[in-house]
Amino acid sequence: MTDSLAPHVVAPYVRGRFGAPYLYEPECESTQLLLLGSGLPEGAVAVTDHQTGGRGRLGRRWEAPAGSSLLVSVLLHPPPERRLPELSLVAALAASDTVEAATGLSAQIKWPNDVMLNRRKVAGILSELSDRTVVVGIGMNVNQTRDELPADTPTEAGSLRTLTGVTYDRAVLLGSLLDKLEQRYESWRDGGLADLYGEIGARDFLRGRRITIDGEAATALQVLRDGRLEIDIGSHETRVIESGEVLFAR
Ligand code: BT5
């Protein structure tokens, strides 16, 4: 079992375009900051074993003990015709591919940016934009024990280990994640969400669930072809949501 994602450990598993260059810090504030404004080419990747200021969306935090998980950011230059909010779903699909290949279990995508395994959040995606450069950050809980996961989160957290009882080689998992992300990203870059929609829809965690969105009760209907969420707010009235915070009834 490796205990670091240093370049010489990861190199045998990184085969594609994503991962060149590969920036590694044993510890940093956030892998996002290593890439934002860096001017590096598409496919540049930043990885650390520990973040002191890991970022979630909307100023929230991403917490993981050193050496326990995947903390990775990838720099992308999407073409101007693509809708950038779709990228979180593309990355969530790649993360769910990785989780499924490693565990043999089905993963779901909780719109707009979470990967769920057995109703627990095992990965979260953060997309940050400067000009037309997007830095997509993925945090994936891998080898945390139950005690090492954050408690009292709105969506219960899980790791691949807590859900399968198996510990995973993080370098192998990282190689797989970069591979899947490259495939899914290139499909989206060339054809938009159309070619990925079937697989995203099949993994739609919220479909049919009672939810609260930004404090309002509703039923989630589906993720639409353009990546937005359609909800039923009662009295046969539907609404389409661009972004927001979804809580689901357990
Ligand atoms: C996310 O935000 O889920 C996006 C997380 C992205 C993290 C990666 S790690 C590499 C890169 N560098 C960074 O600095 N960030 C990215 P959001 O949907 O806002 O969820 C954040 C919320 O999830 C927190 O407020 C907690 O409630 C919960 N949380 C924190 N750490 C967690 C964990 N390890 N597992 C599950 N839930 C967690």
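Each residue of the sequence shown is one higher than the one before, starting from 196 at the first, in this note's numbering. Backbone N, C-alpha and C define an ideal beta-carbon position, used for all residues, glycine too. Since the structure is predicted, the reported quantities are computational estimates derived from the model, not experimental observations.
- As summarised for the segment 262-350, the continuous alpha helix (DSSP H) elements at least 4 residues long and confined to that stretch are 281-298, given in chain order.
- Placement of the Cβ of I333 at a distance of less than 7 Å from at least one heavy atom of the ligand BT5 is found.
- Scanning S322, E224 and N336 for the CA closest to the CA of Q246 turns up E224.
- Around the beta carbon of A346, a 10 Å sphere encloses fewer than 16 other beta carbons of the protein chains shown; the residue is thus reported as exposed.
- Residue side-chain check: N313 keeps its Cβ at 7 Å or more from all non-hydrogen atoms of the ligand BT5.
- The C-alpha of T414 lies about 6 Å from the C-alpha of G403.
- Around the beta carbon of D244, a 10 Å sphere encloses 16 or more other beta carbons of the protein chains shown; the residue is thus reported as buried.
- Annotated three-state conformation of A415 is strand, per DSSP.
- When secondary structure is reduced to three states using DSSP, T362 falls in the coil class, being assigned neither helix nor strand.
- Bounds of the alpha helix (DSSP H) holding T226 are T226 to L230.
- In terms of Cβ geometry, A296 and V310 do not form a close pair [threshold 8 Å].
- According to the DSSP secondary-structure assignment, L424 is paired through a beta bridge with V418 and I436.
- With contacts defined by Cβ atoms closer than 8 Å, D427 and L416 form a contacting pair.
- Judged by their CB atoms, L271 and V329 are nearer to each other than the 8 Å cut-off.
- In the three-state scheme derived from DSSP, where H, G and I count as helix and E and B as strand, A206 is classed as helix.
- Taking a 10 Å sphere around the C-beta of D292, we find 16 or more other C-beta atoms and assign the residue as buried.
- Closest by C-alpha distance to S199, out of T433, L368 and S430, is L368.
- Per DSSP, Y392 has no beta-bridge partner at all.
- DSSP places R405 inside the beta strand (DSSP E), whose first and last residues are R405 to I408.
- Going by DSSP, L442 is part of the beta strand (DSSP E) stretching over V441 to F443.
- In this structure the segment 388-405 lies against the segment 303-323, because at least three pairs of beta carbons, one per stretch, are closer than 8 Å.
- Counting of Cβ neighbours within 10 angstroms places V418 among the buried residues, the total reaching 16 or more.
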